[in-house]
Structures are given as structure tokens and as C-alpha cells.
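Adding 1 to a residue's 1-based position in the sequence shown gives its number in our numbering. Ideal Cβ placement from N, Cα and C applies to all residues, glycine included. I have placed the structure first, in the form of C-alpha cells, so that the comments after it can refer back to it.
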Amino acid sequence: MAKDFPSRAENYAQWYNDLVIKADLAENSAVRGCMVIKPYGYAIWEKIQAVLDRKFKDTGHSNAYFPIFIPKSFFSKEASHVEGFAKECAVVTHYRLKSSPDGKGVVVDEDAKLEEELIVRPTSETIIWDTYKNWIKSYRDLPILINQWANVVRWEMRTRLFLRTTEFLWQEGHTAHETREEAVQEALTMLNVYADFAESWMAIPVIKGTKSPAERFAGALDTYAIEALMQDGKALQAGTSHFLGQNFAKAFDVKYLNKENQLDYVWATSWGVSTRLMGALIMSHSDDHGLVLPPKLAPIQVVIVPVFKNAEQLARISETVIPIKKALEAKGISVKYDDRETYKPGWKFTEYEFKGVPVRLTVGPRDIEQGTIEIARRDTLEKEVLQLTDIGNKVIHLLDQIQKNLYDRALSFREDNTFRVDSWDEFKRVLDDKGGFISAHWDGTAETEEKIKEETKATIRVIPLNNVAEKGKCIYSGKPSDQRVIFARAY
2 MAKDFPSRAE NYAQWYNDLV IKADLAENSA VRGCMVIKPY GYAIWEKIQA VLDRKFKDTG
62 HSNAYFPIFI PKSFFSKEAS HVEGFAKECA VVTHYRLKSS PDGKGVVVDE DAKLEEELIV
122 RPTSETIIWD TYKNWIKSYR DLPILINQWA NVVRWEMRTR LFLRTTEFLW QEGHTAHETR
182 EEAVQEALTM LNVYADFAES WMAIPVIKGT KSPAERFAGA LDTYAIEALM QDGKALQAGT
242 SHFLGQNFAK AFDVKYLNKE NQLDYVWATS WGVSTRLMGA LIMSHSDDHG LVLPPKLAPI
302 QVVIVPVFKN AEQLARISET VIPIKKALEA KGISVKYDDR ETYKPGWKFT EYEFKGVPVR
362 LTVGPRDIEQ GTIEIARRDT LEKEVLQLTD IGNKVIHLLD QIQKNLYDRA LSFREDNTFR
422 VDSWDEFKRV LDDKGGFISA HWDGTAETEE KIKEETKATI RVIPLNNVAE KGKCIYSGKP
482 SDQRVIFARA Y
């Protein structure tokens, strides 16, 4: 499985692509820019979904579903929103096919043209706010706290599995509130939900902050984001939460009767994460031996591989191992016992190492005689031999240890690759030679931000929350600056 697998140092992009495919996570489909998520990859996504869905419900949200098709006219109602998504939209113009006159296949029936074209959902603000107009009449109807698990389509010219595909899976929350303060608090609450998930479950440290006006979501007054640093020194936006103000309420005329018996527009938020998290997971932890998964999100947390020469040996091993498997499963640990006779143990070792299974247990005839078992951890590739009677507590402790080690390792990497710079020359040198996060002064203007992006391909990733005020000079323009922001090249 690892044959001809490039190292990260040789070709990081090829390493990533080969890893996704060879670890059975996903593959390219017959539709350009779209991917097939394979069962092993989808099992990870299901675990991500399950945790986040519980967190959403714990914070008072309910799931619903809205149409994938959106009337084109809806996008004209909020100017900045249509401008932000116009170039990425897939458009449905006809509703029927017919047999080709030459008898070769089918063609679009020109008589089946839609009266109004439909946009394949790139995001759902417009269709949802048209719906909310019918749900909201008074303050008693608020807040509305809805989440949707769905697919979206954003036409992409250059795609990469999980990171940027034409169609991808995500969740999108859309909420309506009485006051500005409630909506802002909602946006911040969801930002913290995402940050906690990234750090506690994905073992990825993130920086929370706001986006610059140029990087905001189309139609938002403020966009909050979590940014993570990948092993190649590039940033990845891992989740966003938007304070939409009253923009969409005004666009779709969503008013409510307030407690003073006056009509007012409601306040809104939206927030989401996508299968891009899969890319973040891969690039944060994996190595030249393949995938490395944090135990909390691994579909298989423990694999048991028997070493045997005949059916009699396998039967003896199974008698010992199956009770261990059941005991671990009773503690909520997912365990696979791979007793296939069609593959040799060495092949299995390589397979599960490449697929990032956190813990591997190996048992052979001699182990049965001596009452021992070999345990190997994926994050460090270390092995040790233990007594069979000690294995239950050891596995639980080791899974926790691996989860913590992956986070600590990623945090250490981020700290080692975050640089404070104070001049334009230093900024360019660090960006080219080291990459990573760069903390630098910016004069706050869109013109300077665009010039920096044009000349270096670096963008302002976030203006950190609770940023410490610090007088300085913009690295590019030399104009006064009140705070540092985080720059990086990004996915």
C-alpha cells in the first residue's frame, strides 16, 4: 500500500493526493471536480457529523432541510451576496431531455425551458430567508435556530479532494433573532463550538478571529473564523460563523412585531463547516507512513491482528482475543479483529498503519503460551509487549495519550511556525523561506491588503479575537497600525 508513496518533503501536494486515494478515503469521479467519498472516508465524516450534531442540539438547534434548487431571482435581492457567488453558480435551464434526432443518445428538449432558471444551491441563505418570512410574525416566534446537513455546488476550476471540490458536503446553520446582541452572541457561540470541536476532537489547535472586510462572507457584517496551520506551512480555514445583521431580513422583507408592538426586521446569523475538515485532519497529523487519525474520530480505534500458521493456532488465539475485543467494545472502543487468512500479518500491519488506526494489538501462539500481547501506537510507531491481563486499561490510557500527543504536537508545530515580523523585506523572506503564520501590522485598508495579496499570495487569515492593542507601522505602507493581524498563504 505504501509502495511508491512520496514523502511530504519530496512533493507535498502529491503526498496528500496519493494519501487520500491509497488510504481509501476518496477518489475522483466521472464528473469533473466531484469526488466519491469511499466507506472509510465517509465513516470519518459520520463521526464528525455525529459529534457536531450533538453539539448543535445541545446549544438549542434543530435540523431541517431546504430545497437544493433556488430561483435565480432570489440571488438578486441581496446585492453583495449575488456578487460573491455569481461566478460559482451552476444553473438549471431546462427540465427535460429527449431522444436525439440521429438516434444517438439524448439531447436537451428545447421546448422544456424553465420560465425562471434555478441555481443549484451554493449556500442557502436566500431560500431559507424566503421561508422564514412565512414562519416569523412576532417576537414569540423568535429565536429560530435551524441547522441543515446538505450538499452544495460551487463551480471550481482547480479542484483537490476534500479541500476544494465542485460539490461537497457540509452543514449550514441559519438563525433569526430579536436583537443585534442576540445574533452576535449566537455567531460567537457557534465559533466556540467549532473551535472546541477542532481542538478536543480533531486535535487541531486553531486561532479564533474575525475576517477582514475583503475576506468576509458575501452579505455578512462580520465573519468569524477558526484558522489552522497545516504541515506545509499553509493556513486552512476550518470553520466560519457569520453575523448577517438585518441584510437578509430586509432583502426578503422578514419583519416581526416586537414587544413594543412595532414592526422591526429580525437579526440573522449563518455558520458552517464542510468536508474540508477531512483535509485539515489529514494534513495536520499524517506522516510519510500514511494517515494518522486522532482516536476520537478514527472509525477503527483498535485493530487486533493474529499471527498464525494454521486453523488450530487461529482458533486458540481467537479464544483469547475475542473476550478482549468484547471487553474493549463494552467500554465504547471500536475494535476490529482481522482474522482473514487471505492476507499475511505483515500486509495487515502496513494496511492499518497506512489507514491511521491508532492502536494495533498483535497476538501469536507464543503470546498465548506466555500470556502476553504486543501493542503498537500509530502516532509514534512505538511498540511494547504487555501481559494480557493489563491490556484493557492500557488501551484506554493509550488512546487518551495519543489524542493528547497529536494535539500537543500540532500546537508545538504552530508555535514554532508563527513569526512576528516588522518590515516588508522580513515579511517576504519569512513567507518564502519558512511559511507559517505571520503576525504583522496592517494599516486597515483594503488597498494595502490587496497589494500584499497580489505581490505575495498571502492573505489576512484572521484578526484574532481579544487582540492586544499594539501601536506600530504597517509592514507594507508604513502607515500607523493599532494591532497585529495573522497573515499566511492558504488553501
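Which residue marks the beginning of the alpha helix (DSSP H) containing A252, and which one marks its end? 248-252
Check each candidate in H95, A87, R410, M284 and name the one with the smallest Cα separation from A115. Per the sequence shown, the amino acid found at residue 115 is Leu instead of Ala. Comparing Cα-Cα distances from L115 to each of H95, A87, R410, M284, the minimum goes to H95.
So T570 is in the alpha helix (DSSP H); what residue range does that whole segment cover? Since the first residue shown for the chain is 2 and the last is 492, residue 570 is missing from the structure and cannot be characterised.
Thinking just about the alpha-carbon of each residue, which of T180, W16, R485 is nearest to the one in L162? W16
Using beta-carbon positions only, say whether E385 and I376 come within less than 8 Å of one another. yes
Taking all protein chains shown into account, decide if I323 is buried (16 or more other Cβ within 10 angstroms of its Cβ) or exposed. Counting C-beta atoms within 10 angstroms of its own C-beta, I323 has fewer than 16 neighbours from the protein chains shown and is therefore classed as exposed.
Run through DSSP, which three-state label would R317 get? It is helical.
Does DSSP put H82 in a helix, in a strand, or in coil? helix
Give the secondary structure of P324 by DSSP, where H, G and I count as helix, E and B as strand, and everything else as coil. In the three-state scheme derived from DSSP, where H, G and I count as helix and E and B as strand, P324 is classed as helix.
Could you please give me the residues that DSSP links to P102 through a beta bridge? Paired residues: none, contrary to the question.
Which residue wins for smallest C-alpha separation from P7, given the options D289, A27, L466, R415? D289
Could you check the C-alpha separation between V154 and V431 for me, to the nearest Å? 36 Å
Taking the alpha-carbon positions, what's the P366 to T351 distance? 21 Å
What's the gap between the Cα of T224 and the Cα of L329? 43 Å
C-alpha distance - D131 paired with E11, whole-angstrom precision: 51 Å
Could you give the distance in angstroms between the alpha-carbon of K209 and the alpha-carbon of E216? 15 Å
Endpoints, beta strand (DSSP E) assigned at K209: 208-211
By Cβ distance below 8 Å, which residues in the same chain neighbour Q404 in space, the five residues on each side in sequence not counted? For Q404, where only same-chain residues beyond five positions count, the Cβ hits under 8 Å are A204, P295, P296, K297.
Grouping DSSP H, G and I as helix and E and B as strand, with all else coil, what is R378? strand
Taking all protein chains shown into account, do 16 or more other C-beta atoms lie within 10 angstroms of the C-beta of E354, making it buried, or fewer, making it exposed? buried
Output the distance between the C-alpha atoms of W136 and H286, rounded to the nearest integer angstrom. 45 Å
Ordered along the chain, which non-local residues of its own chain (more than five positions away) have a Cβ less than 8 Å from that of K143? Strictly speaking, residue 143 in this sequence is Leu, with Lys absent from that position. The answer, listed in chain order, is I137, A177, H178, E179, Y257, V267.
What residue range does the alpha helix (DSSP H) around A219 cover? Looking at the DSSP string, A219 is not in any alpha helix (DSSP H), and its letter there is neither H nor E.
For V93 and L119, believed in contact at Cβ under 8 Å, the rounded distance: 4 Å
Measuring only from the beta carbon, is V267 closer than 7 Å to any heavy atom that is part of the ligand ZN? Looking for the ligand ZN in the displayed structure turns up nothing, as the structure carries no ligands at all.
Determine the burial state of L33: buried for a count of at least 16 other Cβ atoms within 10 Å of its Cβ, exposed for fewer. Note on identity: in this sequence residue 33 is Arg, with Leu being the wrong assignment. By the 10 Å Cβ count, R33 comes out exposed.
Rounded straight-line distance, which links the Cα of D19 to that of A51: Each residue's CA atom was taken as its position, placing A51 and D19 some 27 Å apart.
Quick one: is D372 buried, meaning 16 or more other Cβ sit within 10 Å of its Cβ, or exposed? Looking at the sequence itself, residue 372 is Gly, so the reference to Asp does not match. Exposed: under 16 other Cβ atoms inside 10 Å.
Give the DSSP-derived three-state secondary structure of K134 in the structure shown. Secondary structure at K134: helix, using DSSP grouped into helix, strand and coil.
Looking at the unbroken alpha helix (DSSP H) that takes in H398, where does it start and where does it end? Start and end: 392-417.
Kindly indicate which three-state DSSP category A24 falls into: helix, strand or coil? Here A24 sits in coil by DSSP.
DSSP three-state label for R277, please. helix
Under 8 Å between C-beta atoms of D110 and L98: yes
V422 - containing beta strand (DSSP E), residue span: Per DSSP, V422 belongs to no beta strand (DSSP E) and is neither H nor E.
Taking the Cβ atom as the reference point for each residue, do A459 and R490 lie within a distance shorter than 8 Å? Remark: C-beta atoms of A459 and R490 approach each other more closely than 8 Å.
Tell me, to the nearest whole angstrom, how far the beta carbon of A188 is from that of H243; I am working on the premise that it is less than 8 Å. 6 Å
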